[in-house]
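Numbering-wise, the sequence shown is residues 336 to 763 according to my numbering.
For every residue, glycine included, the Cβ atom is placed at its ideal position computed from N, Cα and C.
Here the structure is a predicted model, which means the values were calculated and not measured.
Reviewing the structure listed below.
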Amino acid sequence: MLYKRSSELFAEAEKVIPGGVNSPVRAFKSVGGTPIFVEKAKGAYLFDADGNKLIDYINSWGPMILGHAYQPVVDAIIEKAKLGTSFGMPTELETEIAKLAISMVPNIDKIRFVSSGTEACMSAIRLARGFTKKEKIIKFAGCYHGHSDSFLIQAGSGAITFGSPNSPGVTAGTAKDTLLANYNNLDNVKSVIEANKNEIAAIIIEPVAGNMGCILPQKGFLKGLRSLCDEHQILLIFDEVMTGFRLAKGGVQELYNVNADIVCFGKVIGGGLPVGAFAAREEIMNYLAPLGPVYQAGTLSGNPLAMVAGLTMLKALNDDADIFKRLNEKTTYLANGIGRVLKNNKIDFTINQVGSMISVHFDANPVIDFETAKKGDNETFKKFFHGLLKEGIYIAPSAYESWFITDALTYDDLDFTIAAVDKVSRDF
Ligand SMILES: *Cc1c(COP(=O)(O)O)cnc(C)c1O
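Here's what the structure looks like:
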């Protein structure tokens, strides 16, 4: 496939946008080459500036769970736009999506909408600190919670890809309030809590991690965190920006039957428009301005186009009794198929999968935390990425990202992908 036009567009973009992109992982730095410029997308496919058609396994990093340009969402946005695109005043639509989200997710009474996952997580910890009157937070190495200062401490996603876990510009004062623990290691969490008695406001976690590849919480880990939080009056924050409305209607709280105190959303909840949200029981949410003392605001929060896209998406997911089962079956089929051909071709690998999230690690050992995720062979990953791209398959341009399976994928697409993995991995 040719990427001539994409390369030209990238060269132009580099002149006026740092690195040519508006979010670093798009830049192909860890796999080499230049990014592909998209012209349009429909269903499971991307169409790029050179006229290539690619099967998309990223789906805008998660939101397009029902495929690109999903007709009901597109129609809803068009109709809404005719009525005005932003008011900075309340609309009935906001109450409607709030009610639907609250009905789908366990254990939340109120929800506030923002414009990104970053904002949701940033606001959630401010709320937790205000509510508990404590300052420190615990996060897990390799988990990504957006790019606000407190979280750029051994963060996953682009922050690992670029090997700069602690970004310059984050002050020492901010960094000292973020304590690090290791994923799937309760003893480690306990010792961090013991060393900071009565100082920890919240533990924030991706309850299924997706930003160091896909990593499953081991049996008892999330329940153990719940108990530790109860014992020490710490709020448990589930960052479900990736997993919310993807792994189950009620996200990981429902999937593994563990309750969080605050839940963060993004990605799917916006149906492809910029939406984030955070939610909790009433007592906590009433701490937010204008009811309570914790300030949080946004000019475009609850934007009508974003809300109608999100509402239409959530309705579609809520009304389809089989959607999460179907996604899980497709992803399991893909995981088994890829596993079979890699094994035949004698490649060392581990595939992690939960529902419609999956990642392929080029290392034979179990991948359960940031340390084990880092052991994957990046040279093999590069060959894998570029090999698949040649076959017309687009996966995340980094070994530290999960793939996001969309319901628009057919079994023919999956078979085509498995055959391509077979072909590509023969040359590793
Ligand atoms: C994507 C992501 C974020 C950040 O969301 P943005 O909308 O990119 O700001 C936060 N947490 C998790 C788990 C994510 O996957």
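**OP:** Compute every distance between the C-beta of P639 and the non-hydrogen atoms of ligand 1, then say whether any falls below 8 Å.
**Re:** No - ligand 1 has no heavy atom lying nearer than 8 Å to the Cβ of P639.
Original post:
To which residues does DSSP link C599 through a beta bridge?
Top reply: Paired residues: D574, F613.
**OP:** With a threshold of 8 Å, establish whether the CB of A595 neighbours any heavy atom of ligand 1.
**Re:** Checking every heavy atom of ligand 1 against the Cβ of A595, none is found closer than 8 Å.
Original post:
Which of the three DSSP states, helix, strand or coil, is assigned to K445?
Top reply: If DSSP states are grouped into helix, strand and coil, K445 belongs with the strands.
**OP:** Could you give the DSSP three-state label for D512: helix, strand or coil?
**Re:** For D512, the secondary structure class from DSSP, reduced to helix, strand or coil, is coil.
**OP:** Out of F613, V756, S342, I703, state which residue places its alpha-carbon closest to the alpha-carbon of I550.
**Re:** Comparing alpha carbon positions, the residue from F613, V756, S342, I703 closest to I550 is I703.
Original post:
Just checking my contact of A615 with A536 at CB under 8 Å: how many whole Å lie between their CB atoms?
Top reply: In fact, because the Cβ distance is near 13 Å, the residues do not count as touching under 8 Å.
Subject >> Nonlocal neighbours in the same chain, by C-beta distance under 6 Å from S499, ignoring five residues either side >> reply: Any reading at S499 is ruled out, since the residue's pLDDT is 45, under 50, leaving its predicted position unreliable.
Original post:
Looking only at C-alpha atoms, which of E374, P732, I538 sits nearest to R361?
Top reply: Among E374, P732, I538, the Cα nearest to that of R361 belongs to P732.
Original post:
Can you give, in chain order, each stretch of the alpha helix (DSSP H) that sits fully within the region 537-589 and has at least 4 residues?
Top reply: Complete alpha helix (DSSP H) runs here, min 4: 556-566.
Original post:
Alpha carbon to alpha carbon, how far is S438 from D565?
Top reply: C-alpha of S438 to C-alpha of D565: approximately 25 Å in a straight line.
Original post:
When burial is assigned at 16 or more other CB atoms within 10 Å of the CB, is P353 buried or exposed?
Top reply: Looking at its Cβ environment, which holds fewer than 16 other Cβ atoms inside 10 Å, P353 is exposed.
**OP:** Please find out if some non-hydrogen atom of ligand 1 comes closer than 8 Å to the beta-carbon of M439.
**Re:** No, ligand 1 has no heavy atom inside 8 Å of this Cβ.
Subject >> Distance between beta carbons of F613 and S451, contact taken as under 8 Å >> reply: Actually they are not in contact, since the Cβ atoms of S451 and F613 sit about 11 Å apart, beyond 8 Å.
Subject >> Presumed contact (8 Å Cβ cut-off) between I472 and I460, rounded CB distance >> reply: That belief holds up - the Cβ atoms of I472 and I460 are roughly 6 Å apart, short of 8 Å.
Original post:
Out of N687, S341, C456, N680, which has the shortest C-alpha to C-alpha gap to V598?
Top reply: With distances taken between CA atoms, V598 lies nearest to C456 out of N687, S341, C456, N680.
Original post:
In terms of alpha-carbon separation, which member of K445, S485, G548, A644 lies closest to A507?
Top reply: Of all alpha-carbon atoms in K445, S485, G548, A644, the one lying nearest the alpha-carbon of A507 is that of S485.
Subject >> F705 versus Q489 - alpha carbon distance >> reply: Distance between F705 and Q489, taken at the CA atoms: about 9 Å.
Subject >> Under the three-state DSSP convention, the category M399 falls into >> reply: DSSP places M399 in coil when its eight states are reduced to three.
Subject >> CB of T647 within 9 Å of CB of G423, strictly >> reply: Taking C-beta atoms as the reference points, T647 and G423 fail to come closer than 9 Å.
Original post:
Whose C-beta lies closer than 7 Å to the C-beta of A754 among residues of the same chain, with five residues either side of it excluded?
Top reply: Result list for A754: empty, nothing under 7 Å.
Original post:
Taking the alpha-carbon positions, what's the I686 to N387 distance?
Top reply: Each residue's alpha carbon lies about 28 Å from the other.
Original post:
Within the present structure, is the beta-carbon of M577 separated from the nearest heavy atom of ligand 1 by less than 8 Å?
Top reply: Flag set: Cβ of M577 near ligand 1.
Original post:
Hey, A641 and V610 are a contact pair by Cβ (cut 8 Å); roughly how many whole angstroms apart?
Top reply: Right, their Cβ atoms sit about 5 Å apart.
Original post:
Is it right to say A346 is buried, meaning 16 or more other beta carbons lie within 10 angstroms of its own, or is it exposed?
Top reply: Exposed.
**OP:** Indicate the three-state DSSP secondary structure (helix, strand or coil) for V689 in the structure shown.
**Re:** Note: V689 maps to strand in three-state DSSP.
**OP:** Tell me whether L282 is buried or exposed, calling it buried when 16 or more other Cβ atoms sit within 10 Å of its Cβ.
**Re:** One cannot answer for residue 282 here, as it falls past the ends of the chain, which runs 336 to 763.
Original post:
Can you give the Cα-Cα distance for V603 and V356, rounded to whole angstroms?
Top reply: Taking the straight line from one Cα to the other gives about 22 Å.
**OP:** For K665, count neighbouring C-beta atoms within 10 Å of its own C-beta (all shown protein chains included) and say buried if the count is 16 or more, exposed if not.
**Re:** In summary, K665 is buried, with 16 or more beta-carbon neighbours lying within 10 Å of its beta-carbon over all protein chains present.
**OP:** Specify the secondary structure class of H721 as computed by DSSP and reduced to three states.
**Re:** In the structure shown, H721 sits in a helix (DSSP, three-state: H, G or I).
Original post:
Is K415 closer than 9 Å to V643 when the C-beta atoms are compared?
Top reply: Result yes, Cβ atoms of V643 and K415 sit closer than 9 Å.
Original post:
Count the other CB atoms within 10 Å of the CB of K469; is the residue buried (16 or more) or exposed (fewer)?
Top reply: Counting Cβ neighbours within 10 Å, K469 comes out buried, since at least 16 surround it.
Original post:
Where does V366 fall in DSSP's three states?
Top reply: In the three-state scheme derived from DSSP, where H, G and I count as helix and E and B as strand, V366 is classed as coil.
Original post:
In whole angstroms, what separates the C-alpha of V408 from that of N523?
Top reply: Whole-angstrom Cα-Cα distance: 44 Å.
Original post:
Bridge partners of H480, per DSSP?
Top reply: Per DSSP, none; premise fails for H480.
Original post:
For L344, is the classification buried or exposed, using 16 other Cβ atoms within 10 angstroms of its Cβ as the cut-off for buried?
Top reply: Within 10 angstroms of the beta-carbon of L344 lie 16 or more other beta-carbons, which makes it buried.
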